[in-house]
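Positions 1 to 163 (the UniProt record's numbering) are the ones given, in order, by the sequence shown. Input: a single structure, listed below in structure tokens.
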Amino acid sequence: MSTLTIIVAMDAQRGIGINNTLPWKLPEDLAHFKRLTTGHPIVMGRKTFDSIGRPLPNRRNIVITRNAGWRHEGVEAVGSVEAALALLDGAPGFVIGGAEIYRQAMPLADQLIITEIARTFQCDAFFPELDAGVWQEAAREKHASETADLQYAFVTLRRKAQA
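The structure is reproduced here in structure tokens:
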């Protein structure tokens, strides 16, 4: 497994959220997220943590915040993506959001696991543009949600080897 994986669900316009919440209900994506991240460290920004409201169980929760005094039980707080990676000490981990943390982690990530939702939603937070020169598709599984009336795909992108 890669050292650092970014995991994200996004709409057809790279939208990932609105008002600090997900703009869609897609239980299959939440189950996919849980299946992949359980047992591994997860790294997120403080606003993403606040939107979840609690540490996610069976995962080491690392929260990036500019507020050096911020604390929450069951969470390790750090001041930067680099500090979060230092805590991982080479162990595989997942970056789970939000937009600014994704932007900062992109140059450091080895792999992206994206749930591509084939619809556009009203969003105020977006995933960074993907550079086709950096990422190559390694896997794609197309699905249709039975509960949410959404078409989506689980897509894995891996960083291309440097020439």
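Heads up, the beta-carbon is just placed ideally off N, CA and C, and yes, glycines get one too.
Run the proximity test for residue i: is its beta-carbon closer than 8 Å to any non-hydrogen atom belonging to the ligand NAD?
i: Asn20; result: Among the components of this structure there are no ligands whatsoever, and the ligand NAD is therefore not found.
Which of the three DSSP states is assigned to residue i in this structure?
i: Val43; result: strand
i: Met1; result: Caution is warranted here: a pLDDT of 43 is assigned to Met1, below 50, making its placement in the model unreliable, and the coordinate value is therefore given only provisionally. Three-state result, Met1: coil.
i: Lys160; result: coil
i: Ala77; result: strand
Determine the contact status of residue i and residue j, defining contact as a CB-CB distance below 9 Å.
i: Gly97; j: Val8; result: yes
i: Gln104; j: Thr156; result: no
i: Val43; j: Phe94; result: yes
i: Ala118; j: Leu150; result: yes
I'd like the list of long-range same chain contacts for residue i, defined as Cβ closer than 7 Å, with 5 residues on each side in sequence excluded.
i: Glu100; result: Gly45
i: Phe121; result: Asp11, Gly15, Pro23 and Trp24
i: Ser145; result: Leu26, Glu28 and Tyr152
i: Val78; result: Ile62, Ile64, Ala84 and Leu87
Keeping to the same chain, check which residues put their C-beta closer than 6 Å to that of residue i; ignore five residues upstream and five downstream.
i: Thr48; result: Gly97 and Gly98
i: Ala109; result: Leu4 and Ile6
i: Gln13; result: Thr120
What separation, rounded to the nearest whole angstrom, lies between the Cα atoms of residue i and residue j?
i: Pro107; j: Ser80; result: 14 Å
i: Ala139; j: Leu26; result: 20 Å
i: Ile18; j: Cys123; result: 5 Å
i: Thr37; j: Arg54; result: 16 Å
i: Pro128; j: Arg71; result: 28 Å
i: Phe32; j: Glu141; result: In the sequence as displayed, the identity of residue 32 is His instead of Phe. Taking the straight line from one Cα to the other gives about 12 Å.
i: Thr65; j: Ala161; result: 32 Å
i: Ser51; j: Thr21; result: 6 Å
i: Pro41; j: Thr147; result: 29 Å
i: Glu82; j: His143; result: 35 Å
i: Arg159; j: Arg59; result: 25 Å
Using only alpha-carbon positions, find the residue among the options that is nearest to residue i.
i: Gly39; options: Pro92, Gly53 and Glu82; result: Pro92
i: Leu30; options: Ile113, Glu129 and Leu130; result: Ile113
i: Leu130; options: Asn67, Asn58, Tyr102 and Asp50; result: Tyr102
i: Phe154; options: Glu116, Ala86, Pro57 and Val78; result: Glu116
i: residue 165; options: Glu137, Gln136 and Arg35; result: With the chain represented from 1 up to 163, any question about residue 165 goes unanswered, as that position is not in the structure.
Excluding the 5 residues flanking residue i on each side, which residues of the same chain have their C-beta closer than 8 Å to its C-beta?
i: Gly74; result: Arg54, Pro55 and Asn61
i: Glu76; result: Arg60, Asn61, Ile62, Val63 and Leu87
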